[in-house]
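S.K.: Pasting a structure below so you can have a look.
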Ligand SMILES: Nc1ncnc2c1ncn2[C@@H]1O[C@H](COP(=O)(O)OP(=O)(O)O)[C@@H](O)[C@H]1O
Ligand SMILES: [Mg+2]
């Protein structure tokens, strides 16, 4: 809670809410189409609390990337408003400040790398933001260590693997010391090893550095450790709650074009055949334990 006294007025800001979307809609411009375009975001309201890990799922075209771009003002809502710590993203005076506070990591690391040397690439944003040189040196070393790429600081980014490049792109965003990082399908172009490394970094950010994380992904199992899971459909929020709760709604998930995790699907299929297994047991170990219990106790 932050209390401001302005001209005799007391204003209380709720600084536990980092992003607040109020009834936002967004239309992409159509070039001369007959029918009016469908909204990419359709009357959506949402609050992201500081220090939380929110995962967002949804079939292709459901509006996830459009929403991510509303969070730091790259796209401005057609209707409604987005507030970052109470600051309206439409206010041009604070657009740089909002982009520093809410970092965005995209799918393709090649589009995010701007320099021929890793450490110069990571220093790019803090230099542009006017950080003092000694602070830049410190922050670059810090974030490169955090993503496990410190030994590569003098390498050429284009010679690195996809996963390594994505880690450099993440370091570049972290160098701005953002309070929240929004990842838009950061593992979609990576091999399994690269994917695992990037997901580990995303988990560590929340767990050890208290960074607020929003992860948009195609892979349901990447959302298991999130505090909150949002499923989008046609520009709206279709489901919103703890992952274990959402995963139990297997029929609804399938309707929304999503395949539940393999463990949940197995339990669900067994239940259809007369078992009574909890659908919220998510890890393979928990799944095996539940089935073992059911087989040894009840049968
Ligand atoms: N640059 C664009 N121009 C026009 N329509 C777009 C553009 N980007 C996305 N869309 C449309 O907006 C809707 C939401 O897209 P998007 O936010 O990319 O969804 P997702 O990330 O969930 O796949 C889709 O119908 C998509 O076709
Ligand atoms: Mg997308």
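In our numbering, the protein residues as written are 1491 to 1789.
Just so you know, even glycine gets a beta-carbon here, dropped at the ideal spot from N, CA and C.
#1: List the residues that DSSP assigns as beta-bridge partners of residue 1537.
#2: Would you mind sorting residue 1600 into buried or exposed? The rule is 16 or more other CB atoms within 10 Å of its CB.
#3: So is the beta-carbon of residue 1551 under 6 Å away from any non-hydrogen atom of ligand 1?
#4: For the beta strand (DSSP E) that residue 1721 lies in, which residues bound it at each end?
#5: With a cut-off of 8 Å, do at least 3 Cβ pairs link the region 1502 to 1519 to the region 1673 to 1680?
#6: Quick check on residue 1553: does DSSP put it in helix, strand or coil?
#7: Could you please go through the chain and list the residues whose beta-carbon is closer than 7 Å to any non-hydrogen atom of ligand 2?
#8: Looking at residue 1678 and ligand 1, is the gap between the Cβ and the nearest heavy atom below 6 Å?
#9: Excluding the 5 residues flanking residue 1770 on each side, which residues of the same chain have their C-beta closer than 6 Å to its C-beta?
#10: To which residues of the same chain is residue 1584 closer than 7 Å at the C-beta, ignoring the five residues directly before and after it?
#11: Along the chain, where does the beta strand (DSSP E) that runs through residue 1572 open and close?
#12: Check residue 1544 in the structure and name its three-state DSSP category.
#13: Who are the near neighbours of residue 1593 in its chain, counting only those whose CB is closer than 8 Å to its CB and skipping five residues on each side?
#14: Flag residue 1563 as yes when its Cβ comes closer than 6 Å to any non-hydrogen atom of ligand 1, and as no otherwise.
#15: Could you spell out where the beta strand (DSSP E) holding residue 1726 opens and where it closes?
#16: Do you know whose CA, among 1659, 1701, 1630, lies nearest residue 1591's CA?
#17: Along the chain, where does the beta strand (DSSP E) that runs through residue 1674 open and close?
#18: Can you give me the C-alpha to C-alpha distance between residue 1750 and residue 1644, rounded to a whole angstrom?
#19: Please report the residue range of the beta strand (DSSP E) in which residue 1753 lies.
#20: Tell me residue 1600's beta-bridge partners as DSSP assigns them.
#21: Select from 1625, 1543, 1534, 1531 the residue whose C-alpha is nearest the C-alpha of residue 1713.
#22: Apart from the five residues on each side of it in sequence, which residues of its chain come closer than 8 Å, Cβ to Cβ, to residue 1761?
#23: Would you mind sorting residue 1646 into buried or exposed? The rule is 16 or more other CB atoms within 10 Å of its CB.
#24: Taking C-alpha atoms, which residue in 1746, 1527, 1580, 1547 lies nearest to residue 1732?
#25: Taking 7 Å as the cut-off, decide whether the C-beta atoms of residue 1687 and residue 1653 are in contact.
#26: At what residue ranges does the region 1627 to 1681 contain a whole run of the beta strand (DSSP E), taking only runs of 3 or more?
#27: Just to confirm, does residue 1653 get its C-beta within under 6 Å of one of the non-hydrogen atoms of ligand 1?
#28: How about residue 1753 and residue 1780: do their beta carbons lie closer than 7 Å?
#29: Between which two residues does the alpha helix (DSSP H) harbouring residue 1437 extend?
#30: Are any of the Cβ atoms in chain B nearer than 7 Å to that of residue 1547?
#31: Quickly, what does DSSP pair residue 1579 with across the bridge? List them, please.
M.R.: Reading from the atomic positions:
#1: 1510
#2: exposed
#3: yes
#4: 1718 to 1723
#5: no
#6: coil
#7: 1554, 1555, 1674, 1675, 1706
#8: no
#9: 1734, 1738
#10: 1577
#11: 1569 to 1574
#12: strand
#13: 1562, 1663, 1664, 1666, 1668, 1670, 1671, 1672
#14: no
#15: 1726 to 1731
#16: 1701
#17: 1670 to 1674
#18: 42 Å
#19: First-last for residue 1753: 1752 to 1762, but that is the alpha helix (DSSP H), not the beta strand (DSSP E).
#20: DSSP output for residue 1600 lists no bridge partner at all.
#21: 1543
#22: 1767, 1769
#23: exposed
#24: 1547
#25: yes
#26: 1670 to 1674
#27: no
#28: no
#29: Within the shown structure, residues of the chain are numbered from 1491 to 1789, placing residue 1437 beyond reach of any answer.
#30: No chain B appears in this structure, which consists of one protein chain only.
#31: Beta-bridge pairing links residue 1579 to no other residue.
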